[in-house]
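K.L.:
Numbered continuously in this note's numbering, the sequence shown closes out at residue 176. By construction, the Cβ of each residue, glycine as well, lies at the ideal position given by its N, Cα and C atoms. No experiment lies behind these values; they were computed from the predicted model shown.
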Amino acid sequence: GSAYTDKQLAKLDTEKAACNELVGKLGAALGSRDYQQRQLAACVLSHCQEGPYPAGLSSALVNGLRYDNIEGWNCGVNNAARAVRFFATHPEVVSEAFYEIEAAQFSDDGQQRFLSAFILARASRVEAAPTACPLLIAQLRADGVVGGALMAHYALRCLGRSARPYLMNAFR
5 GSAYTDKQLA
15 KLDTEKAACN
25 ELVGKLGAAL
35 GSRDYQQRQL
45 AACVLSHCQE
55 GPYPAGLSSA
65 LVNGLRYDNI
75 EGWNCGVNNA
85 ARAVRFFATH
95 PEVVSEAFYE
105 IEAAQFSDDG
115 QQRFLSAFIL
125 ARASRVEAAP
135 TACPLLIAQL
145 RADGVVGGAL
155 MAHYALRCLG
165 RSARPYLMNA
175 FR
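#1: Taking the alpha-carbon positions, what's the Gly60 to Cys162 distance?
#2: Give the secondary structure of Gly151 by DSSP, where H, G and I count as helix, E and B as strand, and everything else as coil.
#3: So, helix, strand or coil for Gln109, using DSSP?
#4: Near Gln109, which residues of its chain fall below 7 Å by C-beta distance, leaving aside the five closest residues on each side in sequence?
#5: Closer than 6 Å by C-beta to Leu30: which residues in its own chain qualify, once you throw out the five before and the five after it? Chain order, please.
#6: Take Ala156 and list the residues in its own chain whose beta-carbon comes closer than 6 Å to its own, dropping the five residues that flank it on each side.
#7: Starting from Leu34, follow the alpha helix (DSSP H) in both directions and report where the run begins and ends.
#8: Distance check for Gly28 and Gly5, CA to CA, integer angstroms please.
#9: Return the CA-CA distance between Ala14 and Tyr103, expressed in angstroms with no decimal places.
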């Protein structure tokens with residue numbers, strides 16, 4: 005027989021319906037004009053839902069890679085860290101959002117450029133090597149924060165042989 009009682013199944017159906025309603029509302033919030041409203045909606049959706057994800061989630065996550073001076077200690081959300089973790093655990097979304105993440109490597113925001121390169125390299129997207137490698141190598145050379153250098157090192161390793169010519173040229 006079933007491991008669940010009829011009462012437990014009914015409760016699960018009710019919870020699923022409530023979650024679907026919430027996902028619809030949060031999906032709509034991804035289109036808000038308010039930056040942090042989009043980021044908070046993306047935060048909840050990235051934690052509580054398995055795909056398919058609503059339209060606009062990957063855009064909100066890529067925008068969240070920018071330095072926004074919103075740290076986890078004042079609102080419980082670190083937009084950039086959450087976005088990186090989400091993309092790291094959802095390679096299918098990296099594939100779907102590849103061109104948007106790739107374009108973010110040309111951002112006017114240094115954090116967004118680096119984290120976009122990290123995400124693509126970590127996902128072993130070798131076609132991103134011409135743009136990602138120079139950004140990651142620059143982080144290796146200039147970063148006074150050990151974490152950034154470790155991330156860059158790891159990401160370059162994920163690119164494997166495609167990173168080699170960039171590394172050879174940079175460290176002659």
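P.N.:
Considering the structure as presented:
#1: 27 Å
#2: helix
#3: coil
#4: Arg117, Ser120, Ala121, Thr135, Ala136 and Leu139
#5: Ala45, Val48 and Leu49
#6: Leu140, Gln143 and Leu144
#7: No alpha helix (DSSP H) contains Leu34, which DSSP labels as neither H nor E.
#8: Here Gly5 scores only 47 on pLDDT, less than 50, and its place in the model is too uncertain to base an answer on.
#9: 42 Å
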